[in-house]
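**Q** What follows is a single structure, and I will ask about it in a moment.
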Amino acid sequence: MPQPTWQDITARKRAERDAKIPSEWRLAESLPPGTRPIDFLPRCGILTEHDLAITNPARDATDLLAQLSTGKVTAEDVVRSFCKRAAVAQQLTNCLTEIMFSEAIERAKWLDSEFKKNGNKPAGPLHGLPISVKDQFYIKGYDSCIGITGLCFKPAKSTSQAVQMLLKAGCVIIAKTTVPQTVLTADTDSIVFGRTVNPYNAEFGAGGSSGGEGALIAMGGSALGLGTDAAGSVRMPAAVCGIVGYKPSAYRIPVDGQRILGKGIMGTTSLGPPGVSGLLARSVRDARLAARVMAEAQPWNDSPFIYPHPWMQIPSPSKPRIGIWLTTDVVHLHPPVARGLRLAHDRLKRAGYEVVELAPPPFEKASEIHFKMGEFMDVSHMRKLLESEPQTKIVQAMGNMTAKGTQPELTVEYLHELNFQIARIATQMKRYWRHDGKPLDGILFVNAPHTAVPFDKYLWVAFTGIINVVDWTSIAIPLNEKADKNIDVAMPLEDCYNDLDLSIQKLYDAEKFHGLPLSVQLIGQRFGDEKLLALADEITPIITQRGQSKL
């Protein structure tokens with residue numbers, strides 16, 4: 101019997117997924133040209149007013165859990181509404197890989213019965229919460245194909261520890277979400293599932309590599325998402341889709357039980373800048389709650405990769421001192437991105453915060469080292485798999501799967517030199533936290549020089565990647581602001597610093613970028629996660645103008 105072609109496998113995998121959407125949840129029409137997916141969803145005719153109220157993205161998981169834990173709403177009712185909304189989100193943005201609606205509803209029914217059996221007591225701190233999981237994580241009985249045909253129809257034999265922790269806390273997994281082919285790019289497109297589009301503009305990307313999570317949560321189809329971040333893969337899609345994305349310090353949330361990219365990234369400590377498991381959420385307090393729940397599960401008892409680090413109840417400083425990188429000497433920020441950062445700066449100052457302008461860090465050097473460290477990942481298995489299918493445009497552009505013979509010679513001495521350079525950058529950047537001899541509580545910056553960009557154009561990830569290089573913690577926070585063609589005028593191209601800057605500035609088109617969400621990232625010190633999340637929770641109402649400072 102002849103081996104199936106990549107076209108055969110792709111067709112079969114997509115058909116398997118699509119068959120799991122009930123016929124009554126299928127759209128009668130495709131997205132009209134020029135319509136934003138996020139605008140079309142509420143009026144698509146599938147969701148009832150009750151469904152829309154239950155799943156409203158303005159209502160965060162913390163609020164939903166308060167109603168679930170008291171029995172005001174049932175897990176079945178909530179999960180069913182989220183499954184319907186996720187089904188619509190899939191049809192509008194192409195964000196799902198493994199659909200688990202039937203299993204999710206059955207689990208929700210079981211949680212409701214346990215709730216009644218135990219005297220109206222929830223099964224855990226996240227009782228009945230509908231969540232989604234990046235395709236990379238193993239869930240027993242489901243594929244983790246990471247967008248590669250050669251990994252399809254090979255269901256996992258076990259479930260990753262991070263997923264198990266969320267299930268034990270009472271969550272209900274409704275779906276797994278799309279990633280780019282290889283999981284090594286910032287635009288989510290694969291041969292297996294195709295492209296995931298941005299909820300705010302279907303001609304723009306959803307970021308990556310947790311792009312399916314970003315799109316699904318922005319569309320209101322999930323209350324919480326589990327992703328990964330090795331160079332910004334949680335923060336980038338969160339930023340371009342207008343949601344929260346939390347990158348913890350390494351060794352806090354389990355990473356084992358994933359489809360790994362290469363042997364070089366595993367070990368009790370990482371080779372080079374560590375990749376982490378992270379969270380995508382509707383609000384900062386949701387990310388903070390989930391991070392606390394996962395820490396309180398004491399994952400270090402079962403994982404050799406986790407440091408014993410019990411959750412600490414750390415309040416935000418009474419008078420926070422926040423640093424800010426307003427400019428860089430490598431690339432200019434796109435006009436809406438620069439405006440958003442300046443708005444956050446000005447709003448904090450008006451609210452009485454001390455905001456300190458800092459010289460920019462060595463983005464270019466850190467990015468160079470980060471890329472070179474990636475050469476040490478043993479991706480020979482993945483390279484072999486890609487011989488059986490075409491590479492996507494973004495994979496080709498990134499050069500991640502360069503033929504072995506064209507790579508530089510990798511020696512132990514070369515690795516030692518790169519590690520030494522990382523140590524020098526970490527030492528240099530540590531000084532930020534004692535600027536002028538006084539401590540900083542956080543550093544504010546952006547996640548990229550641009551918002552979402554057209555397909556296959558998200559190529560430079562230094563603004564998020566540098567945080568991975570030094571293993572700081574960070575959280576992407578939506579600003580409740582959008583790119584505005586009437587305000588955000590393109591800069592003269594002759595003012596660009598270099599060819600990289602020129603290529604990035606050429607992407608910007610005020611008309612096309614109009615309406616895309618703006619975001620910042622708040623950065624904390626290594627293992628300062630509790631403090632970062634507390635500070636982020638405090639300043640978010642201020643930088644989004646949704647509340648007033650306590651100062």
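Count along the sequence shown starting at 1, add 100, and that's the number in the numbering used here. All C-beta atoms in this analysis are idealised placements derived from N, C-alpha and C, irrespective of residue type, glycine included.
1. Just list the residues that DSSP pairs residue 224 with in beta bridges.
2. Excluding the five sequence neighbours on either side, which residues of its own chain have a C-beta within less than 7 angstroms of the C-beta of residue 403, listed in chain order?
3. May I ask you to list the residues that DSSP assigns as paired with residue 295?
4. Taking the alpha carbon of residue 213 as the reference point, which residue from 201, 199, 228 has its own alpha carbon closest?
5. Specify the secondary structure class of residue 147 as computed by DSSP and reduced to three states.
6. Leaving out five residues on either side along the sequence, give the residues of the same chain with a beta carbon under 7 angstroms from the beta carbon of residue 628.
7. With distances taken between CB atoms, is the gap from residue 576 to residue 335 smaller than 9 angstroms?
8. Quick check: the segment 556-574 against the segment 634-646, are at least 3 beta-carbon pairs closer than 8 angstroms?
9. Note down, in chain order, each residue of its chain lying with its Cβ closer than 6 angstroms to the Cβ of residue 548, except the 5 sequence neighbours on either side.
10. Is it the case that the Cβ atoms of residue 401 and residue 297 are separated by a distance below 9 angstroms?
11. Under three-state DSSP, which class holds residue 588?
12. Is residue 634 helix, strand or coil by DSSP?
13. Any chance you could list the beta strand (DSSP E) runs of at least 3 consecutive residues sitting entirely within the segment 403-464, in chain order?
14. Please classify residue 155 as buried or exposed, where buried requires at least 16 other C-beta atoms within 10 Å of its C-beta.
15. Just mark residue 505 as buried or exposed, buried being the case when its beta carbon has 16 or more other beta carbons within 10 Å.
16. Taking just the CA atoms, how far does residue 592 sit from residue 333?
17. Label residue 396 either buried or exposed according to how many other C-beta atoms from any shown protein chain fall within 10 Å of its C-beta, with 16 as the threshold for buried.
18. Which whole-angstrom value describes the C-beta separation of residue 170 and residue 385, a residue pair presumed to lie in contact below a C-beta threshold of 8 angstroms?
19. Can you tell me where the beta strand (DSSP E) with residue 215 in it begins and where it stops?
20. If we ignore side chains and look at the alpha-carbon of each, how far apart do residue 108 and residue 645 end up?
21. Where residue 568 and residue 220 are concerned, what is the direct C-alpha to C-alpha distance, given to the nearest angstrom?
22. At the level of alpha carbons, what is the spacing between residue 177 and residue 135?
23. At a threshold of 8 angstroms, does residue 282 count as lining the ligand GDP (C-beta to nearest heavy atom)?
24. If you reduce the DSSP assignment to three classes, tell me which class residue 509 lands in.
25. Taking only three categories from DSSP, how would you classify residue 348?
26. Taking its Cβ as the centre, do 16 or more other Cβ atoms sit within 10 Å of residue 143, making it buried, or is it exposed?
27. For residue 650, which residues of its own chain have a beta-carbon under 8 angstroms away from its beta-carbon, when the five flanking residues on both sides are left out?
28. Hey, could you find the ends of the alpha helix (DSSP H) residue 353 is sitting in?
29. Is the beta carbon of residue 423 less than 9 angstroms from the beta carbon of residue 540?
30. Smallest Cα separation from residue 132: which of 615, 326, 302, 114?
31. On the DSSP bridge list, what partners appear for residue 573?
32. Is the Cβ-Cβ distance between residue 445 and residue 426 less than 9 angstroms?
33. Can you tell me whether DSSP reads residue 583 as helix, strand or coil?
34. Is residue 223 buried or exposed, if buried means 16 or more other CB atoms sit within 10 Å of its CB?
35. In the segment 142-187, which residue ranges form an unbroken alpha helix (DSSP H) of at least 4 residues, counting only runs that do not cross its ends?
36. Whose C-beta lies closer than 6 angstroms to the C-beta of residue 486 among residues of the same chain, with five residues either side of it excluded?
**A** From the atom records:
1. Answer by DSSP bridge pairing: none, since residue 224 is not bridged.
2. 261, 354, 356
3. 289
4. 228
5. coil
6. 573
7. yes
8. no
9. 563
10. no
11. coil
12. helix
13. 421-424, 454-457
14. buried
15. At residue 505 the pLDDT is 49, less than 50, meaning the model places this residue with poor confidence; the figure from the coordinates comes in the next sentence. The residue in question, residue 505, is exposed, as its Cβ has fewer than 16 Cβ neighbours within 10 Å.
16. 31 angstroms
17. exposed
18. No, residue 170 and residue 385 are not in contact; Cβ-Cβ is about 18 angstroms, not under 8 angstroms.
19. From DSSP, residue 215 is part of no beta strand (DSSP E) but of the alpha helix (DSSP H) over 201-217.
20. 51 angstroms
21. 43 angstroms
22. 30 angstroms
23. The ligand GDP is not among the ligands present in this structure, which contains no ligands whatsoever.
24. coil
25. coil
26. exposed
27. With a pLDDT of only 37 at residue 650, under the threshold of 50, the placement of this residue in the model should not be trusted; the figure read from the coordinates follows. Closer than 8 angstroms at Cβ, skipping near neighbours: 638.
28. First-last for residue 353: undefined, no H or E at that position.
29. yes
30. 302
31. 624
32. yes
33. coil
34. buried
35. 149-155, 161-170
36. 501
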